[in-house]
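Position one of the sequence shown corresponds to residue 0 (numbering that gives the first Met the number 0), numbered consecutively onward.
The structure under discussion appears below in the form of structure tokens.
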Amino acid sequence: MVVFFGMIASGKSTLGEAWAEQHRAPYYNTDRVRKELAGLRPTDRRAEAAEQGIYAAGFTEKTYCTLLERAAADFSRGEEMVVLDGSYGRREDREAVRRMAALAGARCVFVLCTCREQEVRRRLALRARDPRSVFDGRWEIYLRQREGFELPDAAESADSLCLDTEQEVGVLLVGLGTEVGL
């Protein structure tokens, strides 16, 4: 299992989706699943405050649990790889993924996607103008997320790597393949 995680607009979805496509693996994105669970279309915009509405703690927990359930079902059907994409900004959420992967007998790799704040602003501006975008992130949400985001600690370093996503996706995929051993 490969988990692309990080702050809003860090490039995790672009890279995660490309990785899943390249490896023909099931791909689950928290933004899409969250809206599906809420009965919304992926492109429906939700300009809610941080931790409100579909972004409230309980709904977020439901979203992350749904991703784990889907990944577990895929592994039980014989999938060799599943790709998850979400902030996973809490250590306990990453631990839940590790537990599920262990139960499924799957190796788990976390890819922390990062970029400069200037690039975050640029990406957020592009998304705001794109009517096909599924993402609701805004600068004020990014700032709030930055305050509470729990970076991987030394105990998590064995299965985690950090990737600067400001390079071309193709270059990142090649480098990631080398890092992950695929």
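Glycine included, C-beta positions come from ideal geometry on N, C-alpha and C.
The segment 95-162 contains, as complete beta strand (DSSP E) runs of 3+ residues, the segments 108-113 (chain order).
Shown here for Asp163: same chain residues with a beta carbon closer than 8 angstroms to its own, the five before and five after excluded, namely Thr113, Cys114 in chain order. Here Tyr87 carries a coil assignment [DSSP, helix/strand/coil]. In the structure shown, the three-state DSSP call for Gly180 is coil. Pairwise C-beta distances place the segment 81-99 in contact with the segment 24-42, as three or more of them are shorter than 8 angstroms. At least 8 angstroms separates the beta-carbon of Glu118 from that of Glu60.
Per DSSP, Tyr63 lies in no beta strand (DSSP E) segment; the continuous alpha helix (DSSP H) that holds it begins and ends at 56-75.
Around the beta carbon of Cys161, a 10 Å sphere encloses fewer than 16 other beta carbons of the protein chains shown; the residue is thus reported as exposed. For Gly5, the enclosing beta strand (DSSP E) has its first and last residue at 1-5.
For Val82, the three-state secondary structure derived from DSSP is strand. Classified as exposed, Thr177 has fewer than 16 neighbouring CB atoms from the shown chains inside 10 Å of its CB.
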